[in-house]
Amino acid sequence: MGILHDPELEQLLAALHARSDAQIPVIAGYTAQQATPDEMKDFRRDKLVALDRDKAEFCYQLCRASDARRIVEIGTSYGVSTLYLAAAVRDNIRTNGGAGTVIGTEYEPEKAAAARAHFAQAGLSQLIDLREGDLRETLKQIDGPVDFVLVDIWIAMARPALERVAQHLRPGAIVVCDNTEQHREAYADYFAFLNDPANRFRTMTLPFGGGFELSVRCPA
Ligand SMILES: C[S@@+](CC[C@H](N)C(=O)[O-])C[C@H]1O[C@@H](n2cnc3c(N)ncnc32)[C@H](O)[C@@H]1O
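Right, here's the structure in full:
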């Protein structure tokens, strides 16, 4: 039995992780080439680029431990990490009652359609509000305090995304971000935002592969 205690969901996730892992060498080979931004966008269209399983399971645990009810996922792709986050919300509701939702973000229509099919297959659709389009538009409206944010997006978009969500974070909210050690320099503006005292974060880089940033919103 895996950490989610849901064999059918874990079977679906195992297949998606395998598909994503198989694409890693192809992606590594391609990014070594000189591609224009448009060529890169085309190439990435059918790539899952899913969050690593250990990081995704860690997110599930964090969301369970904090009884997270409003979660924002910056970068949904085919919905792998979304499934972990929605499973946490489902299990929080089962344990403590109430309601909850995961707001997802994806601007590739084909990926969004595939993600929706996975959500339906897992029986989690009703817990996921997948917002299609550029997140700089789709995240303009967020109702209520946010408990947890996963930032798993093309790096240039990490800071603009956090800027949109930051005003909605409750004190004690958790923000995690992928590969912050591996791409430290590229994340410079994201770290500048985290380290600005006005934004009230405390942050540390956890030793997952590539680094995984764990930031906590402090009280005012
Ligand atoms: C690293 S992948 C997300 C993987 C996902 N978290 C998972 O575990 O399966 C990042 C995704 O963000 C999407 N994306 C990139 N820029 C975006 C933007 N400005 N607005 C919305 N989605 C965007 C990409 O199409 C890509 O599918």
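So the sequence shown is residues 616 to 835, counted in the working numbering.
We put the CB at the ideal spot given by N, CA and C, even for glycine.
Nothing here was measured: the structure is a model prediction, and the numbers come from that model.
Output the boundary residues of the alpha helix (DSSP H) element that contains residue i.
i: L698; result: 695 to 711
i: P775; result: 773 to 781
i: D804; result: 803 to 810
i: P724; result: 724 to 736
Please confirm whether any heavy atom of ligand 1 lies closer than 7 Å to the CB of residue i.
i: Y802; result: no
i: A643; result: no
i: K755; result: no
i: D744; result: no
i: T691; result: yes
i: G694; result: yes
i: A665; result: yes
i: I639; result: no
i: L627; result: no
Could you spell out where the beta strand (DSSP E) holding residue i opens and where it closes?
i: S635; result: Counting along the chain, S635 falls outside any beta strand (DSSP E), though it belongs to the alpha helix (DSSP H) covering 622 to 646.
i: M819; result: 816 to 821
Can you grab the Cα-Cα spacing for the pair residue i / residue j, in whole Å?
i: M819; j: S692; result: 26 Å
i: A771; j: Y802; result: 8 Å
i: F827; j: N794; result: 6 Å
i: V709; j: A671; result: With the sequence shown as reference, residue 709 is identified as Arg, and Val is not the correct amino acid for it. Cα-Cα distance, rounded: 20 Å.
i: A781; j: A714; result: 22 Å
i: D621; j: A629; result: 12 Å
i: G712; j: D682; result: 10 Å
i: I642; j: R815; result: 36 Å
i: L784; j: T646; result: 34 Å
i: Q676; j: A703; result: 8 Å
i: N707; j: C678; result: 8 Å
i: R742; j: L698; result: Residue identity differs from the one stated: residue 742 is Leu in this sequence, not Arg. Near 10 Å, if we compare the C-alpha coordinates of L698 and L742.
i: Q638; j: P724; result: 20 Å
i: C674; j: S696; result: 8 Å
Where does residue i sit, in a helix, a strand or coil, going by DSSP?
i: D744; result: strand
i: P652; result: helix
i: T753; result: helix
i: R684; result: coil
i: D758; result: coil
i: L677; result: helix
i: A665; result: coil
i: R660; result: coil
i: E672; result: helix
Per the DSSP calculation, residue i is bridged to which residue(s)?
i: G719; result: L745
i: I789; result: F763, V831
i: I689; result: V766
i: L784; result: V761
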